[in-house]
DNA sequence: CTGAAAGCGCTAACAT
DNA sequence: ATGTTAGCGCTTTCAG
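Protein chains in written order, with this note's numbering: chain A, 181 to 514; chain B, 181 to 514.
What follows is the structure, given as structure tokens:
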């Protein structure tokens, strides 16, 4: 590995000047800068992040904490984070919180405290008091996607509003018998998204003067299969039958569409289905959805963290995340 | 941040002994080890990776290079890599090679050379001569998944054999009119998987004395939508109609199943469909497939890299990757 | 604008 | 088994 001394020697300057020229910190004459650049390129010199970070305290590396790597939403957010960060010459190190409590604890107790990162992005993690405390104790810029967590800077999408919008779309099409696939009423306090989406759904109904039928509330686990099973129940049970389904995620919505077809119902003629997320398969299934632009969420989180790191206090760090109703082919007038 | 000196002081020992006790390298009496452990825990001390890696040359961090983050196969492999590495206390930093040539170049020219990682895992990247050279020049353990690359240690799944197995399954069920969705004959030299799968398919047919019909070769882009379109062509065109389809990926196979249904064909009664990969949605669609266990591939790559790092030369580094025919509901006797 | 030199926090000889 | 000490390769005062 070629070191800074060699560059200095070749450029005929001190290591201090080389360091300044390469990092852009401090005064360097144009002529010196030029010579350094040439010498560095000629030798193929790359600053050692180990040495540089020990001396400067900066690593040019951001930690990203995610609960899943192999689910579409999270890997899409991650992809957005990664592209925005790499573009600025930052690396990203990944902390995958799994179901394994020991791993989770290790991430907060040890891994994040190794001084390997300049900042942390936490994606859709429900942090408890202690974990929030630990993140704060790192004394590093932290951005959370998801939350909201009052003690952290959070990029939040208003799940209540998303769900209400999706439901209002159904109402506007004349539906009144609308079922909900998602959280069950007594769902945990720990993970808010399903509950918020159910509340937004109920609010929209209430605003339209409709009392939600409990038989129209079908819990499911946010997978295609879960949505499929839930829809089969909803459509197969004797008694009143919904003319529309609001699914709290696109994957469940896709499952619902397939279930309806399997039962012989036409979508959207016999049943309208709307989802939430903006899943990549939505287009293929002609799914009406409320897109929350997860790729952009990741990019925005990266921008926010960069703004904090560079001191340019950016508006991206605050404010609510955008969402948009995308009307495709799975919803129609009743 | 508490430093090693404070731990040493509290334990009444030198920093050298603390370092030895914590890293497990060199002799430390049980009593000293105990006192160090207690002092470290009491102070909440975590070794600074910046300082440690500068002094020792080890970072306990592995670089993972992937071409996509938001595609199921890659994020699943990544998930396997991550869990195996975190279990051993390693961090992982992510290098996402995108379509952007500048980003790709920057990863090999700069990012990987920052001395941030102890080893590299390259997932399904077709490396050119120069990139291979650059990886080798890092002088670090490197494991490639995919390849094969004669100059690198590679974990390879035999795509030819996978495709042949899938095709033989169809043949064994009595099919002779078998179509292929995947690479087109004049596909690039750059990305071998599609081509190898087509060759395996053709070999199986040849072994059964069947000449592949060129009309049964339908190129597609490895997405659900691509598989759907391809199957529609195959089934909708006038002329001979296949009774079975071999799709070179599960996502295309799922598209083919949906296309067949939309055209009014029953699967598997009118059309058998087999895929490759072991996609998470395969179970839902009752898809017959050849599973290549991507999660396990990731874990195995991680194990191989760890073996190289710890010097325990592990068999995991070599040998072919396993695969298995999973017969579910989309294939039947003709 | 540039150079000398003192660390950054740890590890690894080396000595004991 | 433990302590002393010299770096690891940079960055950043501080002088000039």
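Just so it is clear, CB atoms sit at the ideal spot from N, CA and C, and this is done for glycine as well.
query, result
"Within chain A, the residues that residue 266 (chain B) reaches when beta carbons sit closer than 7 Å", "276, 283"
"One or two residues paired with residue 506 (chain B) in a DSSP bridge", "B:469"
"As assigned by DSSP and simplified to three states, the class of residue 429 (chain B)", "coil"
"Endpoints, alpha helix (DSSP H) assigned at residue 408 (chain A)", "404 to 416"
"Chain A contact for residue 394 (chain B) (CB, 7 Å cutoff)", "no"
"Residue 302 (chain A), enclosing beta strand (DSSP E) - first and last residue", "299 to 303"
"Through-space distance from residue 195 (chain B) to residue 188 (chain B), alpha-carbon basis", "5 Å"
"is_contact[residue 228 (chain A), chain B] using C-beta, thresh 7 Å", "yes"
"Every unbroken alpha helix (DSSP H) inside the segment 182 to 208 of chain A [4 residues or more]", "184 to 191, 195 to 203"
"C-beta neighbour in chain B for residue 233 (chain A), strict 7 Å", "yes"
"Runs of alpha helix (DSSP H) wholly within the segment 263 to 327 of chain B (minimum 4 residues, chain order)", "281 to 289, 309 to 317"
"Residue range of the alpha helix (DSSP H) that includes residue 349 (chain B)", "339 to 352"
"Start-to-end residues for the alpha helix (DSSP H) that takes in residue 360 (chain B)", "Residue 360 (chain B) -> not in any alpha helix (DSSP H); beta strand (DSSP E) instead, spanning 358 to 362."
"Min CB distance residue 262 (chain B) to chain A below 7 Å", "yes"
"Residue 335 (chain A), DSSP secondary structure in three states", "strand"
"Close Cβ partners of residue 275 (chain A) (< 8 Å) along its chain, the five nearest in sequence each way excluded", "243, 244, 245, 246, 287, 291, 292"
"Straight-line Cα distance separating residue 503 (chain B) from residue 369 (chain A)", "With a pLDDT of 48 at residue 369 (chain A), under the threshold of 50, the predicted position of this residue should be treated as unreliable, and no value is reported."
"Among A:383, A:356, A:488, A:473, nearest to residue 451 (chain A) - alpha-carbon criterion", "A:356"
"Simplified DSSP state of residue 456 (chain A), which is helix, strand or coil", "strand"
"Amino acids of chain A, ordered along the chain, whose beta-carbon sits closer than 7 Å to that of residue 461 (chain B)", "404"
"At least three beta-carbon pairs within less than 8 Å, the segment 475 to 495 of chain A to the segment 321 to 337 of chain A", "yes"
"Residues in the segment 280 to 310 of chain B having any Cβ partner in chain A nearer than 7 Å", "283, 290, 291, 293, 294, 295, 296"
"Residue burial classification, residue 222 (chain A) (beta-carbon count within 10 angstroms, cutoff 16)", "exposed"
"Under 7 Å (Cβ pairs) to chain B, residues found in the segment 456 to 487 of chain A", "461, 464"
"Partners in chain B for residue 273 (chain A), counting only beta-carbon separations shorter than 8 Å", "241, 271, 272, 273, 274"
"Extent of the continuous alpha helix (DSSP H) run through residue 329 (chain B)", "Here residue 329 (chain B) belongs to no alpha helix (DSSP H), and DSSP marks it neither H nor E."
"Below-7 Å beta-carbon distance, residue 312 (chain B) vs any chain A residue", "no"
"Local conformation of residue 396 (chain B) per DSSP, three classes", "helix"
"Residue 243 (chain A): first and last residue of the uninterrupted beta strand (DSSP E) it sits in", "241 to 246"
"Under 9 Å from the C-beta of residue 181 (chain B): neighbouring residues of chain A", "293, 295, 319"
"Short CB-CB distance (under 7 Å) between residue 255 (chain B) and chain A", "yes"
"Per-residue burial, residue 316 (chain B) [other beta carbons within 10 Å of its own, 16 or more giving buried]", "exposed"
"Within 7 Å, strictly: CB atoms of residue 468 (chain B) and residue 423 (chain B)", "no"
"7 Å Cβ cutoff, residue 250 (chain A) in contact with chain B", "yes"
"Neighbourhood of residue 208 (chain A) by C-beta, 7 Å cutoff - its chain only, sequence neighbours within 5 removed", "197, 200, 201"
"Anticipated Cβ contact below 8 Å, residue 386 (chain A) with residue 420 (chain A), distance rounded", "Contact doesn't hold; Cβ gap of about 19 Å is too wide."
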